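Numbered according to full-length UniProt numbering, the sequence shown spans residues 1 to 254.
We treat Cβ as the ideally placed atom computed from N, Cα and C, and that holds for glycine.
If you're wondering where the values come from, they're calculated on a predicted model, not measured in any experiment.
Note sheet for the following structure.
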Amino acid sequence: MKRTLPERIREYTEHREYRKDTIGRSGSEIFCFSDMVLKAEREKNESRSEHEMLRWLQGRLPVPEIICAEKNGDMRYLLMTKVRGKMLCDEQYLSNPRLLVHLLAEGLKMLWTVDINGCPFKRHLDYKLEQASLRVAGGLEFDEDPDTYGREEFESPEELLLWLKEHRPEEETVFSHGDYCLPNLFAEDNTISGFIDLGRAGTADIWQDIALCVRSLEYNTGKNEGCVNLLFEELGMAPDWDKIRYYILLDELF
Ligand SMILES: Nc1ncnc2c1ncn2[C@@H]1O[C@H](COP(=O)(O)OP(=O)(O)O)[C@@H](O)[C@H]1O
Ligand SMILES: [Mg+2]
């Protein structure tokens with residue numbers, strides 16, 4: 001990888017040992033150093049927003065600090081500090097569902113306390129559905145994964161998109177992570193130590209993150225109903241299953 005790296009990134013990483021990470025699922029390449037992480041990915045809306053979002057979130061939430069962000073041809077490189085602690089999908093948390101759920105609820109509440117004044121991105125349904133339309137028009141297909149939500153009810157992504165446009169729920173604006181799942185959250189000493197993967201963050205409906213949180217929690221705990229109930233107890237809210245389902249279905253188009 002080193003040959004193709006932009007000069008400034010190379011200055012920081014040359015002669016340093018690293019391990020290649022395989023957790024990312026978005027086509028990004030991740031190189032972990034002892035105290036830094038390099039995320040390299042093809043230029044797209046989300047990588048551009050991620051750099052800007054990280055800048056805006058400094059001092060607002062625990063997020064990595066940017067060491068160096070560079071663009072080179074059609075590639076974007078983000079060299080950032082390594083977040084302390086372990087991902088919430090680490091065995092340490094999976095084996096302690098009570099703590100895991102507590103941390104997930106804590107993370108959501110932290111997001112909701114961010115003052116959205118001046119937030120650089122809006123990720124409301126107007127924007128998401130427009131993006132989804134572009135993706136569907138571009139030939140997006142349902143994932144191969146047999147767990148794909150909506151596969152049984154909707155013949156095609158076009159049909160799902162139409163349904164989503166016709167069933168828009170009312171939105172309650174908060175600061176949203178946008179891809180709130182266990183591998184994108186870190187904790188240390190029983191508290192959230194960092195949020196990463198912020199390319200889809202911005203203002204959005206409160207149920208966007210809750211829905212993906214529920215999906216990720218179910219996926220990682222084998223659909224443990226107790227965990228989901230506990231999550232809503234911790235949040236002090238009742239689950240709105242229509243909205244949860246809506247946002248999980250919407251995510252099938254991303
Ligand atoms: N700043 C960071 N500190 C520690 N680990 C990180 C950091 N950035 C990324 N990682 C690791 O790399 C994985 C993938 O990075 P992420 O930004 O989530 O990319 P993707 O969009 O591919 O999911 C994360 O789940 C995490 O394990
Ligand atoms: Mg991620």
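When the Cα of Val-83 is compared with those of Glu-159, Ser-156, Ala-187 and Leu-160, which residue comes out closest? Ala-187
Helix or strand or just coil, what does DSSP make of Leu-78? strand
Pull up the CB-CB distance for Gly-59 and Ser-193, whole angstroms please, since I reckon it's below 8 Å. Not really, about 15 Å apart at Cβ, beyond 8 Å.
Could you give the DSSP three-state label for Ile-206: helix, strand or coil? helix
Own chain, CB closer than 8 Å to Arg-8, minus 5 neighbours either side, in chain order: Cys-68 and Glu-70
Look up Lys-86 in the DSSP assignment and say whether it is helix, strand or coil. Three-state DSSP puts Lys-86 in a strand.
Are Glu-234 and Ala-105 touching if we call contact CB-CB under 9 Å? yes
Got a sec: does ligand 1 put a non-hydrogen atom nearer than 8 Å to the Cβ of Phe-186? yes
In chain order, what residues of the same chain have a beta carbon less than 8 Å from the beta carbon of His-51, not counting five sequence neighbours either side? Counting only Cβ-Cβ distances below 8 Å, and skipping sequence neighbours, we find Ile-66, Ala-69, Arg-76 and Leu-78.
For a test of the three-state rule: what should DSSP assign to Lys-2, helix, strand or coil? Below a pLDDT of 50, predicted positions are generally treated as unreliable, and Lys-2, at 47, falls in that range; the measurement from the model is reported next regardless. DSSP places Lys-2 in helix when its eight states are reduced to three.
Going by other Cβ atoms of all chains shown within 10 Å of its Cβ, with 16 needed for buried, is His-15 buried or exposed? exposed
Are Asp-179 and Gly-199 touching if we call contact CB-CB under 9 Å? yes
Any non-hydrogen atom of ligand 2 within 8 Å of Asp-115 CB: no
Would you be able to state if there are at least three C-beta pairs under 8 Å between the segment 168-175 and the segment 42-56? no
Can you tell me whether Phe-121 is helix, strand or coil according to DSSP? coil
Taking 8 Å as the cut-off, is the beta-carbon of Asp-179 closer than that to any non-hydrogen atom of ligand 2? yes
Looking only at its chain, what residues have a beta carbon closer than 6 Å to the beta carbon of Phe-33, apart from the 5 residues adjacent to it on each side? Closer than 6 Å at Cβ, skipping near neighbours: Arg-16 and Tyr-18.
In angstroms, rounded to a whole number, what distance separates the CA positions of Asn-190 and His-124? 32 Å
Please confirm if Glu-225 has its CB atom under 9 Å from at least one CB of chain B. The structure shown contains no chain B, having only a single protein chain.
Cβ of Asp-197 versus every heavy atom of ligand 2: is any distance shorter than 8 Å? yes
Keeping to the same chain, check which residues put their C-beta closer than 6 Å to that of Leu-217; ignore five residues upstream and five downstream. Within the same chain, Leu-217 has close Cβ partners Cys-227.
By a C-beta neighbour count over all protein chains shown, 10 Å radius and 16 as the cutoff for buried, is Pro-62 buried or exposed? Classification of Pro-62: buried, given that the 10 Å Cβ count is 16 or more.
Residue environment, Lys-2, which counts as buried when at least 16 other CB atoms sit within 10 Å: Unreliable placement is indicated for Lys-2, whose pLDDT of 47 sits below 50; the coordinate value is still reported in the next sentence. When all chains shown are included, Lys-2 counts as exposed.
Nearest by alpha-carbon distance to Leu-108: which of His-177, Thr-221 and Arg-10 is it? Comparing C-alpha distances from Leu-108 to each of His-177, Thr-221 and Arg-10 shows the shortest one belongs to His-177.
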